Structure formats: structure tokens, C-alpha cells
Amino acid sequence: MKIWNKYVTISVLILLPIFLFFLSFLLGRFPISPLEVILTLLSPINSNFTVSPAISSIVFNIRLPRIIAAMLVGASLAIAGAAFQGIFKNPLVSSDILGVSAGSGFGACLAILLAAGNWMIQIFAFLFGLISVLITYLISKTYKTGGILVLVLSGVAISAFFNALISGAKFIADPYDKLPQITYWLMGSLSSINLDKLLVIIIPIFSGIFVLLLLRWRLNVLAMGDEEAQSLGVNPQKFRAILIIACTLLTAAAVSVSGIIGWVGLLIPHICRMIVGPDHKKLLPACLSIGASFLLLIDNVSRTAIAIEVPIGILTAIIGVPVFLYLLRRGYSQWS
Numbered sequence: 641m642k643i644w645n646k647y648v649t650i651s652v653l654i655l656l657p658i659f660l661f662f663l664s665f666l667l668g669r670f671p672i673s674p675l676e677v678i679l680t681l682l683s684p685i686n687s688n689f690t691v692s693p694a695i696s697s698i699v700f701n702i703r704l705p706r707i708i709a710a711m712l713v714g715a716s717l718a719i720a721g722a723a724f725q726g727i728f729k730n731p732l733v734s735s736d737i738l739g740v741s742a743g744s745g746f747g748a749c750l751a752i753l754l755a756a757g758n759w760m761i762q763i764f765a766f767l768f769g770l771i772s773v774l775i776t777y778l779i780s781k782t783y784k785t786g787g788i789l790v791l792v793l794s795g796v797a798i799s800a801f802f803n804a805l806i807s808g809a810k811f812i813a814d815p816y817d818k819l820p821q822i823t824y825w826l827m828g829s830l831s832s833i834n835l836d837k838l839l840v841i842i843i844p845i846f847s848g849i850f851v852l853l854l855l856r857w858r859l860n861v862l863a864m865g866d867e868e869a870q871s872l873g874v875n876p877q878k879f880r881a882i883l884i885i886a887c888t889l890l891t892a893a894a895v896s897v898s899g900i901i902g903w904v905g906l907l908i909p910h911i912c913r914m915i916v917g918p919d920h921k922k923l924l925p926a927c928l929s930i931g932a933s934f935l936l937l938i939d940n941v942s943r944t945a946i947a948i949e950v951p952i953g954i955l956t957a958i959i960g961v962p963v964f965l966y967l968l969r970r971g972y973s974q975w976s
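Each step along the sequence shown adds one to the number in our numbering, with nothing skipped, and position 110 is 750.
The structure is reproduced here in C-alpha cells:
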């Protein structure tokens, strides 16, 4: 029976994002049939398939980049959150624990204040996300003792600092032009995604995912404590730094293209532990699948539920909070 459940779980984790990927092409203001979607997706490799230029433009220029972006952002935030929870041995840690989201948010605000284009907003958000984590790490290294606790507290302080800078940017922004743009960006959205923005984040996201999947067994070792890790031949400081760099790349890249989206990095790892258990060799791949599926589903609701598009960050909070409270009510005990 356990073997059967194992294969059912694996099948669901593989098929769910694939199913939502194709379903998402059918949703939107302009209706497209399943056959039209299939023929359009196959048209670049088979010239015998003739499709409408309008449908081709909608599929390749609008929906495909957004679908891929939603899946990449969801997978990145989820796997980074799971890795951070393993690194810090704390189930309440999320992917922005070291200040990356606040730093990215300030970078985007600064670019908007400077009247930079969309491309520069993304670059500023990505770079300031990396800078915020670098500052957090350097501050923590000035203390000889404290270790992980000092690193987390440094992240909290840097997050507060950059959030204050964001408030300052909103205070001085033009209330009729730049302030609405800043506010909307901070709420999280994929409405402005295109192929150019997507290409910018692919390398850091795939690099971060590759590193985490390659080293995921070491997260199990780190969870035992530094002394046990050293006895097993693992340098905890070295691998913790590598994992933090990978998680930072993932989170900064995701936030730079989507804005600040909460709860994904906190909630999805908990759901995945209920499905596959706490073993990071299984947990991280599961987070990729469920994270991608979750945010793609949320984005579909965001752009189709009502006449105007609802920012993703609002929906993830509305859905994430009750689900998280439900897990607490059940007396969640999967963490070990």
C-alpha cells in the first residue's frame, strides 16, 4: 500500500503542474479552445499547422511568458523557503528572512523614483535584493558568537531598515504618478511580464535550483546540528553559505520580476512536508511542483476572477493565512 501511495504522490506532483500549465492557456478575456492552444504551441515545429495571428500573439507573447513566470516564481519562493527552514532549523522562516524582499522592494522604488524603465526596475530590484543579504551576512560576521541566531536577527534588522527606506520613497513620490506605480509593484503582479523580463531571471533561478537540488541531502545533515555535521564530514559554515547564496539568487530573481509576494515561501514547504515528509531529498522537488502549481493557480484567479486584475500578493495572503491557521489547528507535527 505504501508503494502504491508513493507512486500516486509522484504522479500527482508531476502531472499537476503540467495540467495547470495547459489549463492556463484557456483562461482569459479572449477565449481559446484546447485544440487551438495545441496547434499554436506546435506551429513553430510544424509549419503545416495554420493558426490565427491573433491567437498566436496571445499565446506566445502574453500567456506563455506569464505562465512560465508564475511557475518559476512560485517554484523559486517555495524551494528557497524550504531550504531556509532547513538551514535555520525553524519552520516559521520564509524565503525573505534575510531581507531580500525588502531590499528588492527598495531597489524597485528607487528605480521608479528615477523614472527608469521597466527593465531597469527589474535590475535594481534584483541587485538591491542581493545587496541586502550581503549586508546582513557581513553584519552577522562581525559577531564572534551567535551564529545562526545573529544572522536571523541581522536579517530582521536589515528588513526593517529597507522597509523604512521604502516608506520614505513612498512619502516623497509623486502622488499622482509614481506613488501608485510603487504601491502596485509592492503588492505583487505578473501583468507586465514579457519574454525579455523572463530571460533575465532564467539563469539565476535555474542556477539556484540546481545548487539546492544538488546539495539537498546536506540540508538533512545540517538539521542535525553543526557538531553532527562535522562528524559526518560536512563543513556546516561552508555549505550554509553556499545554500544561502542559492536561496538569495532565487528569491531576488523572483521578487525582481513579480514584486513582493508573501506566504509562498512559508506555506508551501509545510504543505509539502505533509505530503512527502521532512526529508529534504524529497521535500525540495515537491516544493518545486507545488510551489509552481500554487502560484500559477493564484495568477489564474488574479487575472480572471473579476473585471480588473487583483494583485497576486493580496490573494496569496488571503488564501495563505487561513490555510496556515488550519495547519496550526491540526497541531502540525511534521517538522522534526
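Here a beta-carbon is modelled for each residue, glycine too, at the ideal position from N, C-alpha and C. These figures come from a predicted structure and were not determined experimentally.
For E868, the uninterrupted alpha helix (DSSP H) segment begins and ends at D866 to S871. Residue state for V861 is assigned as helix, using DSSP reduced to three classes.
Distances from the alpha-carbon of A715 to those of L819, V904, G865 and A765 put V904 closest.
Residue environment analysis places Q762 among the buried positions, since at least 16 neighbouring C-beta atoms fall within 10 angstroms of its C-beta.
Sequence-distant partners of T649 (beyond 5 residues in either direction) whose C-beta falls short of 7 angstroms from its own C-beta, in its chain, are I915 and V916. Within the region 894-929, the complete alpha helix (DSSP H) runs of at least 4 residues fall at 904-916. Rounded to the nearest angstrom, the Cβ distance from F724 to C887 is 6 angstroms, consistent with a contact under 8 angstroms. Per DSSP, the continuous alpha helix (DSSP H) segment holding S780 begins and ends at N758 to K781. When the five nearest sequence neighbours on each side are left out, the beta carbons in the same chain lying within less than 7 angstroms of the beta carbon of S896 are those of S744, Q762, A765, F766, G769 and I841, in order along the chain. Contact fails between the region 738-758 and the region 852-863, because fewer than three Cβ pairs, one in each stretch, are under 8 angstroms apart.
Note that the C-beta distance between P951 and G828 is below 8 angstroms. Shown here, D939 sits in a helix according to DSSP, grouped into three states. Secondary structure of K784 (DSSP, three-state): coil. Cβ neighbours of L805 within its own chain (closer than 6 angstroms, five residues either side excluded): F746. If you draw a 10 Å sphere on the C-beta of P909, you find 16 or more other C-beta atoms in it, and that means buried.
Taking each of G795, Q821 and L935 in turn and checking the Cα distance to R706, the smallest one comes out for L935. Remark: C-beta atoms of S794 and T776 approach each other more closely than 8 angstroms. Here A945 is not near G902, since their CB atoms are 8 angstroms or more apart. Residues P876 of the same chain have their beta carbon placed closer than 6 angstroms to that of D866, with the five preceding and five following residues left out of the count.
When DSSP states are grouped into helix, strand and coil, F670 belongs to the coil group.
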